[in-house]
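For the protein sequence lines, the chains are A and B, in the order given. The first sequence begins at 1 in my numbering and counts up by one. The second sequence begins at 377 in my numbering and counts up by one. Even for Gly, the Cβ is constructed at its ideal location relative to N, Cα and C. Here the structure is laid out as structure tokens; the discussion comes afterwards.
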Amino acid sequence: MFERIKHMLIKEFIQVFRDPKMRGIIFVMPVLQVLVFGYAVTLDVKNIATAVYDLDNSVASRELVARFERSGYFDIIEHIHSEERARELLDRGEASAVIQMNRGFGDALRAGRTAELQLIVDGTDSNTAGVVLDYSTKITKELSQKVLITRFTRVKGSFEKPGRVELETRAWFNDNLESRNFYVPGVIAIVVMLITLMLTSMAVVREKEIGTIEQMMVTPITPAEFILGKTLPFALIGFADVVLVTVVGVFWFGVPIQGSLLLLFFATALYLMTTLGIGLLISTVSGTQQQAMMSAFFFYFPAVLLSGFMFPIANMPEAIQWLTYLNPLRYFLVVVRGIFLKGVGPEILWPEMLALAALGLALLWLAASRFRKTLA
Amino acid sequence: MKPFRVLAIARKESIHILRDPRSLGMAIAIPMLLLLLFGYALSLDVDNVPTVVWDQSASHESREFISRFDGSRYFSIIGHVHSYPEVEREIDSGQALVALVIPTDFAGRIEAGRPAPVQAIVDGSDPNTATIAMGYLDVVAFSYSQDVALREIRRATGQVVDPPVDLRARAWFNADLESKNYIIPGLIAVIMMVIAALLTSLTIAREWEQGTMEQLIATPVRGNELILGKLLPYFAIGMIDVALAVLMGEFLFDVPLRGSVALLFAMAAIFLAGALSLGMVISILTRGQLLASQLAMVLTFLPSFLLSGFMYAIANMPVPIQAITHLVPASYFVTMLKGIYLKGVGLQILAMEAILLVAFGLTLVLLANRKFRKKLV
Numbered sequence: 001m002f003e004r005i006k007h008m009l010i011k012e013f014i015q016v017f018r019d020p021k022m023r024g025i026i027f028v029m030p031v032l033q034v035l036v037f038g039y040a041v042t043l044d045v046k047n048i049a050t051a052v053y054d055l056d057n058s059v060a061s062r063e064l065v066a067r068f069e070r071s072g073y074f075d076i077i078e079h080i081h082s083e084e085r086a087r088e089l090l091d092r093g094e095a096s097a098v099i100q101m102n103r104g105f106g107d108a109l110r111a112g113r114t115a116e117l118q119l120i121v122d123g124t125d126s127n128t129a130g131v132v133l134d135y136s137t138k139i140t141k142e143l144s145q146k147v148l149i150t151r152f153t154r155v156k157g158s159f160e161k162p163g164r165v166e167l168e169t170r171a172w173f174n175d176n177l178e179s180r181n182f183y184v185p186g187v188i189a190i191v192v193m194l195i196t197l198m199l200t201s202m203a204v205v206r207e208k209e210i211g212t213i214e215q216m217m218v219t220p221i222t223p224a225e226f227i228l229g230k231t232l233p234f235a236l237i238g239f240a241d242v243v244l245v246t247v248v249g250v251f252w253f254g255v256p257i258q259g260s261l262l263l264l265f266f267a268t269a270l271y272l273m274t275t276l277g278i279g280l281l282i283s284t285v286s287g288t289q290q291q292a293m294m295s296a297f298f299f300y301f302p303a304v305l306l307s308g309f310m311f312p313i314a315n316m317p318e319a320i321q322w323l324t325y326l327n328p329l330r331y332f333l334v335v336v337r338g339i340f341l342k343g344v345g346p347e348i349l350w351p352e353m354l355a356l357a358a359l360g361l362a363l364l365w366l367a368a369s370r371f372r373k374t375l376a
Numbered sequence: 377m378k379p380f381r382v383l384a385i386a387r388k389e390s391i392h393i394l395r396d397p398r399s400l401g402m403a404i405a406i407p408m409l410l411l412l413l414f415g416y417a418l419s420l421d422v423d424n425v426p427t428v429v430w431d432q433s434a435s436h437e438s439r440e441f442i443s444r445f446d447g448s449r450y451f452s453i454i455g456h457v458h459s460y461p462e463v464e465r466e467i468d469s470g471q472a473l474v475a476l477v478i479p480t481d482f483a484g485r486i487e488a489g490r491p492a493p494v495q496a497i498v499d500g501s502d503p504n505t506a507t508i509a510m511g512y513l514d515v516v517a518f519s520y521s522q523d524v525a526l527r528e529i530r531r532a533t534g535q536v537v538d539p540p541v542d543l544r545a546r547a548w549f550n551a552d553l554e555s556k557n558y559i560i561p562g563l564i565a566v567i568m569m570v571i572a573a574l575l576t577s578l579t580i581a582r583e584w585e586q587g588t589m590e591q592l593i594a595t596p597v598r599g600n601e602l603i604l605g606k607l608l609p610y611f612a613i614g615m616i617d618v619a620l621a622v623l624m625g626e627f628l629f630d631v632p633l634r635g636s637v638a639l640l641f642a643m644a645a646i647f648l649a650g651a652l653s654l655g656m657v658i659s660i661l662t663r664g665q666l667l668a669s670q671l672a673m674v675l676t677f678l679p680s681f682l683l684s685g686f687m688y689a690i691a692n693m694p695v696p697i698q699a700i701t702h703l704v705p706a707s708y709f710v711t712m713l714k715g716i717y718l719k720g721v722g723l724q725i726l727a728m729e730a731i732l733l734v735a736f737g738l739t740l741v742l743l744a745n746r747k748f749r750k751k752l753v
């Protein structure tokens with residue numbers, strides 16, 4: 001039995017690695033993905049291109065503009081003198097925010113009336129716009145607070161101040177709030193899923209499509225051995241990719257790895273059971289490589305999008321949240337991020353690992369029983 | 377080039393496509409699935425951040441402070457804790473994303489006019505959510521402090537005081553800042569790239585792999601006729617997908633379409649021709665279906681998803697990466713789609729993008745024709 005599986009393994013490896021381009025894909029694609037996610041994928045908002053339309057041009061209005069500039073978030077790109085120019089800049093996307101202060105801003109502030117600050121943001125990118133609004137609110141409130149304190153001291157005598165809350169915020173697990181620390185460990189999960197899913201499903205179907213599966217069936221190999229032979233090599237490739245992505249993440253991007261590597265590999269093994277199981281299932285329902293590929297993507301897209309990799313699960317509608325419990329990626333992401341960022345161990349991650357094991361066994365069993373029928 | 381030979385190839389390819397209804401069905405279903413997911417299920421908006429409170433002060437003031445968090449739609453207080461280990465456990469397990477620790481002397485300090493330090497611990501593992509939550513925390517704290525100051529001044533002077541500066545913010549183009557209005561237009565570009573990646577990348581590779589290419593070579597059909605004939609049916613599928621996406625955006629998701637529909641479809645056709653030709657070039661170069669599909673993923677889908685500005689704004693990326701995005705044709709199309717949809721602008725503003733898209737389309741159509749050799753080996 002082991003002899004036959006060994007030969008099957010050798011045959012699969014020869015087939016996968018025969019084409020140098022394929023070798024490249026298997027090892028270059030993961031690295032590319034880590035690089036893209038490490039460098040490009042960020043929702044941090046900085047250097048917001050801002051135009052200033054200052055109709056007041058007083059000490060107070062200039063001070064407010066200076067506050068925006070000093071905050072480090074806003075880049076004042078132009079002082080404009082008409083509404084049309086504002087429209088043009090926003091239309092062209094050259095500015096994403098326009099600060100406008102009407103005549104009388106400074107006078108109102110001095111007289112103790114409310115001075116109004118107008119802000120127009122480009123809402124096209126709702127995420128960036130939300131953050132811009134947030135920063136602006138903060139800056140205006142700060143100025144408000146300063147003015148109030150001056151007024152307060154004027155009324156009450158020189159040393160007294162009103163009470164205030166001083167927020168000391170600390171971010172745990174990711175002190176500098178680096179996007180890459182969040183995304184790079186997640187790439188492990190999506191790369192492994194894509195590679196193993198595609199390789200398994202297409203490898204089996206290719207034999208069907210070209211007709212070599214009949215040659216396989218006349219050999220003494222049993223269905224169980226055939227399944228093992230078709231999954232083990234891709235599991236090994238999956239492991240190699242995990243190591244590759246981890247090495248690039250840790251040594252190139254300096255992503256911290258707080259938890260145990262051993263636990264990561266063990267969880268990967270559980271996770272691979274689920275992805276290989278799905279790959280095999282797809283191969284049993286597909287007749288051609290094209291069908292296999294389309295089916296793989298039909299599963300892959302929702303699996304990635306509904307995993308919490310990019311979009312928090314808590315933001316999804318409740319019905320969809322329930323659906324995510326069937327998604328192995330969801331559990332593996334919690335495990336990977338837990339190990340990398342939080343350094344937690346099995347005492348916290350056991351429910352996710354258990355879910356992975358259960359899903360993996362169920363999927364493999366389902367695939368194997370269907371597989372036997374399609375072979376027979 | 378003879379039109380009847382192009383049509384004959386197109387007919388042959390259509391029969392191939394129709395014979396496999398499942399692949400065709402998925403070529404329509406995958407885009408719709410993506411649209412539904414992005415339209416209904418996925419959102420980057422942060423609200424109802426689960427928050428725990430450790431209120432050591434347990435005073436009227438501290439309760440008022442906490443009620444401001446409960447009252448905002450950004451936070452939802454899920455529980456009270458009474459020690460640091462408890463805080464740690466809630467954050468470690470992901471039950472809570474924010475923990476507020478209010479000191480014992482909170483009320484006294486507020487009354488005495490001294491700063492009252494409140495600790496906010498935020499789970500930073502998801503930096504996007506964390507940054508936004510921290511921004512909201514600041515805003516709530518500032519509002520509270522401002523109200524305390526206003527109250528004190530009123531008490532001292534006996535007159536009602538208004539807040540000194542008021543921010544009146546308006547968002548143009550997408551007044552309610554709905555993320556679906558931002559995502560759906562750009563998604564059209566991604567969908568077209570997916571179609572190109574999934575469908576065309578296989579078509580020539582399959583002929584080689586199954587040996588039917590030899591039969592095609594034996595016919596009088598020319599290289600460019602073969603390429604064009606094979607592109608036509610996929611072009612039709614792609615345009616159906618675009619039409620479906622536009623219709624769904626209009627009737628299902630109420631995404632405002634403010635610009636010219638004709639311009640939208642014209643640019644979509646040009647972009648699609650380029651994307652399909654890219655898939656074709658991949659198929660010609662690889663000659664194997666597995667490899668072709670993997671390569672198509674790397675070259676078409678990933679860049680158009682991540683580097684086009686579809687979801688992650690290009691302006692926020694590091695400068696070298698911004699330079700790379702100029703090489704991603706989808707980035708021009710995404711800019712155009714958002715401009716046409718949300719801003720309602722036309723060619724006078726989008727001219728540069730349009731020219732580059734036409735250049736992309738032409739280059740790849742020509743490249744596909746050049747690269748294809750009607751020869752064995």
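- According to the DSSP assignment, D44 of chain A belongs to no beta strand (DSSP E), since it is labelled neither H nor E.
- With a beta-carbon spacing of about 6 Å, L329 of chain A and A189 of chain A fall inside the 8 Å limit used to define contacts.
- Under DSSP, the beta-bridge partners assigned to F451 of chain B are B:V425.
- Below the 7 Å Cβ cutoff, chain A contributes no neighbours of V622 of chain B, its closest Cβ being approximately 18 Å away.
- In chain order, L667, Q670, L671, V674 make up the part of chain B whose C-beta sits under 8 Å from the C-beta of I25 of chain A.
- A check of alpha carbon separations from L604 of chain B across B:F414, B:R527, B:L740, B:D514 identifies B:L740 as the nearest.
- DSSP lists A:Q100, B:R544 as the beta-bridge partner residues of Q118 of chain A.
- If you ignore the 5 residues before and after S61 of chain A, its C-beta comes within less than 7 Å of the C-beta of D54, M101, F105, G106, all in its own chain and listed in chain order.
- The beta-bridge partner set that DSSP reports for D54 of chain A consists of A:M101.
- Scanning chain A for C-beta atoms nearer than 8 Å to the C-beta of D502 of chain B yields F182, P312, reported in chain order.
- Under the Cβ criterion (8 Å, minimum of three pairs), the stretch 120-134 of chain A does not count as touching the stretch 442-459 of chain B.
- In the structure shown, Q522 of chain B falls within a helical segment according to DSSP collapsed to helix, strand and coil.
- Rounded to the nearest angstrom, the Cβ distance from A40 of chain A to I697 of chain B is 5 Å, consistent with a contact under 8 Å.
- It is roughly 52 Å from the alpha-carbon of R663 of chain B to the alpha-carbon of M510 of chain B.
- Close CB contacts of R372 of chain A within its chain, under the 8 Å cut and outside five residues either way in sequence, are with P223 (chain order).
- D91 of chain A counts as buried, since at least 16 other C-beta atoms from the protein chains shown sit within 10 angstroms of its C-beta.
- Residues of the same chain with a CB within less than 6 Å of the CB of P561 of chain B, apart from the 5 flanking positions on each side, are L713, K714, Y717 in chain order.
- Neighbours of Q522 of chain B across chain A, judged by C-beta separation under 7 Å: K141, S144, Q145, L148.
- With a threshold of 16 other beta carbon atoms within 10 Å, P30 of chain A meets it and is buried.
- Taking 8 Å as the CB threshold, N127 of chain A lines the interface with chain B.
- For F332 of chain A, the CB contacts under 7 Å within the same chain, skipping 5 residues up- and downstream, are A189, A267, Y271, L356 in chain order.
- Judged by DSSP in its simplified three-state form, R164 of chain A adopts strand.
- For the stretch 26-42 of chain A, the set of positions with a beta-carbon nearer than 9 Å to some beta-carbon of chain B reads I26, V28, M29, L32, Q33, V36, F37, Y39, A40, V41, T42 in chain order.
- Sequence-distant partners of R398 of chain B (beyond 5 residues in either direction) whose C-beta falls short of 6 Å from its own C-beta are missing from its chain.
- Secondary structure note for Q495 of chain B: its beta strand (DSSP E) is the uninterrupted segment 491-499.
- With respect to D542 of chain B, E116 of chain A sits close: the two C-beta atoms are nearer than 8 Å.
- Chain B has no Cβ within less than 8 Å of the Cβ of G238 of chain A.
- For the set B:G650, B:F627, B:V618, B:M624, the Cα lying nearest the Cα of A638 of chain B is the one of B:V618.
- For the C-beta of V131 of chain A, the chain B residues within less than 9 Å are, from N- to C-terminus, T507, I508, G511.
- DSSP, reduced to helix, strand and coil, places F74 of chain A within a strand of the structure shown.
- Taking a 10 Å sphere around the C-beta of W322 of chain A, we find fewer than 16 other C-beta atoms and assign the residue as exposed.
- One thing to note: V597 of chain B has its Cβ within 8 Å of the Cβ of R381 of chain B.
- Counting only Cβ-Cβ distances below 7 Å, I580 of chain B has no contacts in chain A at all, with the closest Cβ about 13 Å away.
- For A572 of chain B, there is no enclosing beta strand (DSSP E), since its DSSP letter is neither H nor E.
- Close CB contacts of S283 of chain A within its chain, under the 7 Å cut and outside five residues either way in sequence, are with T200, S201, V204, V205, A292 (chain order).
- DSSP, reduced to helix, strand and coil, places H456 of chain B within a strand of the structure shown.
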